[in-house]
Amino acid sequence: GENVEQHPSTLSVQEGDSAVIKCTYSDSASNYFPWYKQELGKGPQLIIDIRSNVGEKKDQRIAVTLNKTAKHFSLHITETQPEDSAVYFCAAAGTYKYIFGTGTRLKVLA
Amino acid sequence: ETGVTQTPRHLVMGMTNKKSLKCEQHLGHNAMYWYKQSAKKPLELMFVYSLEERVENNSVPSRFSPECPNSSHLFLHLHTLQPEDSALYLCASSQGQLAGSDNEQFFGPGTRLTVL
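For the record, the sequence lines run as chains A and B.
Using the working numbering, you'd call the opening residue of the first sequence number 572 and step up by one each time.
Using the working numbering, you'd call the opening residue of the second sequence number 417 and step up by one each time.
Following this line, the structure appears as structure tokens:
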């Protein structure tokens with residue numbers, strides 16, 4: 572069936588370093604790729620997204636890249652701060668349905 | 417706050433109990449969703465309602481029964497659950513049903529359910 576693989580499952584970085592989280596999807600009909608941040612006790616919140624007709628999108632310290640041929644997309648966080656510590660989820664969506672990754676727990680060490 | 421509230425935030429129930437989870441959105445959205453979030457597993461879509469009509473039932477056992485009385489409220493009625501149903505249940509809403517940045521899903525904080 573359709574699935575999204577997400578790696579790594581946990582990631583620890585020093586404050587100020589960069590963090591990269593990678594996802595691979597299986598459904599070639601997917602054309603929308605959002606990333607969510609989930610803090611403790613809260614629901615997931617959209618932080619950045621990309622459509623299949625774009626290869627890269629940037630918003631301040633976060634960026635997403637998409638390789639549609641390889642069915643890979645990645646989240647890049649630069650100059651990490653302690654408040655970036657959270658669980659991050661990727662998703663791939665076709666017309667209606669979202670398929671989520673298993674999440675990456677990011678710890679930014681001060 | 418995201419504009420989506422869920423009650424209760426925590427619920428402990430026995431396998432023979434009947435309980436209900438409530439979700440309310442204050443965003444004027446037309447689509448509402450129930451997701452199940454279990455440890456080390458992807459978010460699982462359970463139900464989708466669009467304009468108060470159920471448009472998706474993702475092979476969910478009948479012990480979970482959704483109800484959408486109007487576009488602002490969504491319930492999940494629980495009956496004779498199993499311990500493996502213990503999870504975080506998330507409600508979300510979006511303007512429309514199509515996936516995309518103009519139909520961003522806004523999630524509530526979830527209800528942490530424990531089935532004994």
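Ideal Cβ placement from N, Cα and C applies to all residues, glycine included.
Please read these numbers as outputs of a predicted model, since none were measured by experiment.
- Proximal chain A residues relative to residue 526 of chain B, where beta-carbon distance stays under 9 Å: 612, 613, 614
- For residue 517 of chain B, does the three-state DSSP call read helix, strand or coil? Residue state, collapsed to three classes: helix.
- Are the CB atoms of residue 575 of chain A and residue 599 of chain A nearer to each other than 9 Å? no
- Pick helix, strand or coil for residue 630 of chain A, following the three-state DSSP scheme. strand
- Query: Where are the beta strand (DSSP E) runs, 3 residues long or more, that stay fully inside the stretch 612 to 659 of chain A, in chain order?
  - Reply: 616 to 622, 627 to 630, 633 to 638, 643 to 648
- Query: Would you say residue 667 of chain A faces chain B, with C-beta separation under 9 Å as the test?
  - Reply: With 9 Å as the cut-off, residue 667 of chain A counts as an interface residue toward chain B.
- Grab me the residues of residue 605 of chain A's own chain with a C-beta within less than 6 Å of its C-beta, minus the 5 sequence neighbours each way, in chain order. For residue 605 of chain A, same chain residues with a beta-carbon under 6 Å away, outside a window of 5 residues either side, are 617, 620, 662 in chain order.
- From residue 679 of chain A to residue 644 of chain A, what distance separates their C-alpha atoms? 22 Å
- Query: Count the other CB atoms within 10 Å of the CB of residue 452 of chain B; is the residue buried (16 or more) or exposed (fewer)?
  - Reply: buried
- Item | Where the beta strand (DSSP E) through residue 609 of chain A begins and ends | 603 to 609
- Task: Identify, in the order they occur along the chain, each residue of the same chain with its Cβ nearer than 6 Å to the Cβ of residue 476 of chain B, setting aside the five sequence neighbours on each side.
- Result: 462
- Would you say residue 635 of chain A and residue 642 of chain A are within 9 Å of each other, going by their C-beta atoms? no
- Who are residue 489 of chain B's beta bridge partners in DSSP? According to DSSP, which records beta bridges pairwise, residue 489 of chain B is partnered with B:440, B:486.
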